[in-house]
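Trainee:
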Amino acid sequence: MTEPSIFTRILNGEIPGDFVARTERVFAIRDINPQAPVHVLIIPVTEQYRDVTELAAGDPGLMAEMVAMAKEIAAEHSNGEYRLIFNNGPSAGQSVFHVHAHVLADIEEGKLVGF
Ligand code: AMP
0 MTEPSIFTRI LNGEIPGDFV ARTERVFAIR DINPQAPVHV LIIPVTEQYR DVTELAAGDP
60 GLMAEMVAMA KEIAAEHSNG EYRLIFNNGP SAGQSVFHVH AHVLADIEEG KLVGF
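Numbering-wise (numbering that gives the first Met the number 0), the sequence shown opens with residue 0 and increments by one.
#1: Return the Cβ separation of ASP30 and VAL39 in integer angstroms, given the expectation that the two are a contact with Cβ distance under 8 Å.
#2: Under a Cβ-count criterion, where at least 16 other Cβ atoms within 10 Å of its own Cβ denotes burial, should ALA56 be classed as buried or exposed?
#3: Cα separation between MET68 and VAL37?
#4: Comparing the CB of ARG21 with every heavy atom of ligand 1, is any distance shorter than 8 Å?
#5: Answer yes or no: do GLU46 and PHE85 have a C-beta to C-beta separation smaller than 9 Å?
#6: Among the residues of its own chain, which have a CB less than 8 Å from the CB of ASN11, if the five just before and after it don't count?
#7: Count the other CB atoms within 10 Å of the CB of GLY109; is the residue buried (16 or more) or exposed (fewer)?
#8: Note down, in chain order, each residue of its chain lying with its Cβ closer than 7 Å to the Cβ of GLU80, except the 5 sequence neighbours on either side.
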């Protein structure tokens, strides 16, 4: 059996996480290394999908739930506008292979490039 991902370990309370939202199938935590004033990770409870390509093919409804949570977080913590980023593969910046979306909001003008 493979080791649980770092996000599953946070969900299980084994390592601390700053939770901002939770539903039956999706949860959200603040990124430990924020790239914008609001930088939240949206994560499905299941770790069966390693990236958004697998998720979109396997459970598009779950992907829609993640987007709905992103919108709510951006509305609650910023002005409702946000970037939604999925890194896919190590060379594209993915380091955790339990699919997750980065929600970035409150972004300073001119700071869009580079993440
Ligand atoms: P990615 O590089 O797209 O796979 O994103 C993984 C993200 O997880 C990075 O932005 C990390 O900063 C973030 N991260 C890693 N460990 C933790 C943690 N313990 N709590 C919150 N975020 C984390």
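Every residue, glycine too, gets a C-beta built ideally from N, C-alpha and C.
Mentor: Let me lay it out:
#1: 7 Å
#2: exposed
#3: Answer to the nearest angstrom: the Cα atoms are 14 Å apart.
#4: Relative to ligand 1, ARG21 has its C-beta separated by 8 Å or more from all heavy atoms.
#5: no
#6: PRO3
#7: exposed
#8: Within the same chain, ALA73 and ALA104 come within 7 Å of GLU80 by CB-CB distance, once the 5 residues on both sides are set aside.
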